[in-house]
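Asker: Pasting a structure below so you can have a look.
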Amino acid sequence: MITEDSLQSSLLKEILEKKLNMVVHLLTPKELDERTTSYSSIKAILVDYSVVEEDFYSSYLNFIDENFSEVQEVLINCPNNISIEELCIWRSLTGIFYLSDDISTLELGIDRILSGDMWFSRKISQEFISTLRQHSKPISKNVSTKLTKREQQIITLLSLGNSNQQIARKLFVRENTVKTHLHNIFKKIDVKNRVQALIWAKEHLSPTSSTI
């Protein structure tokens, strides 16, 4: 479970371990980059949505790629009005729990997820289906002239869920170069962080919008 080290997270860990007969490892966002322990046997990752900030997702993706070939992602403490665009950036999302959910709902849902089910509200399920049915918008002429070819390549890779490290490897450049390009892209498309850029990319780019 990725969350801040607190009394609340420790209590939740104890409850889940006792009620569901499972082992829960606590990991803070800062520890994602340390990677001193092997987590390859873990089947699901619970992410406390309250710790998801601008720099979180890149570190998180690197952590996932280096430790897991396949893992279920579960978000907890989500705001009730979380948008489908914010959820679409998670590559293996199998469950969502809200700030308003009580511990019994969390226990039941996680138990179902570990048994192979998914845990989404009807509203979110319908929005997911609707999103999947929609065709991605091709890059417009206006955006095409706004972004350089390299910037289009980077934003396309970003939209496919690649971390800065992965983008650097695929384009044979340094990670700092990718960060510089992303900074310029953010300014050009008028977004403030990586999450907003991901949402923008999913709305404006198709997966084949730029040859990589």
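Quick note: the sequence shown uses the working numbering, first residue 28, plus one each step.
C-beta: ideal position from N, C-alpha, C; glycine also.
This structure is a prediction, so every number in the text was calculated from the model and none was measured.
1. Give a yes or no on contact between the stretch 183 to 196 and the stretch 43 to 52, applying the rule of three or more CB pairs nearer than 8 angstroms.
2. Identify which residue in Phe155, Val78, Ile123, Leu73 has its Cα closest to the Cα of Glu112.
3. Could you check the C-alpha separation between Ile212 and Cys105 for me, to the nearest Å?
4. Between Asp75 and Ile103, how many whole angstroms is the CB-CB distance? I'm expecting something under 8 angstroms.
5. With Lys206 and Asn191 assumed to form a contact (beta carbons below 8 angstroms), what rounded beta-carbon distance in angstroms separates them?
6. Identify which residue in Leu225, His231, Glu230 has its Cα closest to the Cα of Arg118.
7. Do the CB positions of Val78 and Thr55 come within less than 9 angstroms of each other?
8. So is Leu39 buried or exposed if we call it buried at 16+ other beta carbons inside 10 Å?
9. Between which two residues does the beta strand (DSSP E) containing Asp75 stretch?
10. The alpha helix (DSSP H) spanning Glu202 covers which residue range?
11. Can you tell me where the beta strand (DSSP E) holding Leu120 begins and where it ends?
12. Leu38 by DSSP, collapsed to three states: which one?
Answerer: Looking at the coordinates:
1. Verdict: no, contact absent.
2. Numbered from 1 along the sequence shown, position 85 holds the residue referred to as residue 112. Checking every option, the nearest Cα to that of Glu112 belongs to Phe155.
3. Indexing the sequence shown from 1 puts residue 212 at position 185. Indexing the sequence shown from 1 puts residue 105 at position 78. The alpha-carbon atoms of Ile212 and Cys105 are separated by roughly 28 angstroms.
4. Residue numbering aside, residue 75 sits at position 48 when the sequence shown is read from its first letter. Residue numbering aside, residue 103 sits at position 76 when the sequence shown is read from its first letter. Asp75 to Ile103, Cβ: 6 angstroms. Contact.
5. Stepping through the sequence shown from its first residue, residue 206 is reached at position 179. Stepping through the sequence shown from its first residue, residue 191 is reached at position 164. The beta carbons of Lys206 and Asn191 sit about 6 angstroms from each other, so the pair counts as a contact at 8 angstroms.
6. As a first step, residue 118 is located in the sequence shown; it is residue number 91 there, counting from the start. Here the closest residue by C-alpha is Leu225.
7. Taking the first residue of the sequence shown as position 1, residue 78 is located at position 51. Taking the first residue of the sequence shown as position 1, residue 55 is located at position 28. Result yes, Cβ atoms of Val78 and Thr55 sit closer than 9 angstroms.
8. Here residue 39 refers to the residue found at position 12 of the sequence shown. Per the 10 Å Cβ criterion, buried.
9. Start at 1 with the first residue of the sequence shown, and residue 75 comes out as number 48. From DSSP, the beta strand (DSSP E) with Asp75 extends over 71 to 75.
10. Position 175 of the sequence shown holds residue 202. 202 to 216 is the span of the alpha helix (DSSP H), which, as asked, contains Glu202.
11. Here residue 120 corresponds to residue number 93 of the sequence shown, with the count starting at 1. Run containing Leu120: 120 to 125, per the beta strand (DSSP E) assignment.
12. To locate residue 38, count along the sequence shown from 1; it is residue 11. When DSSP states are grouped into helix, strand and coil, Leu38 belongs to the helix group.
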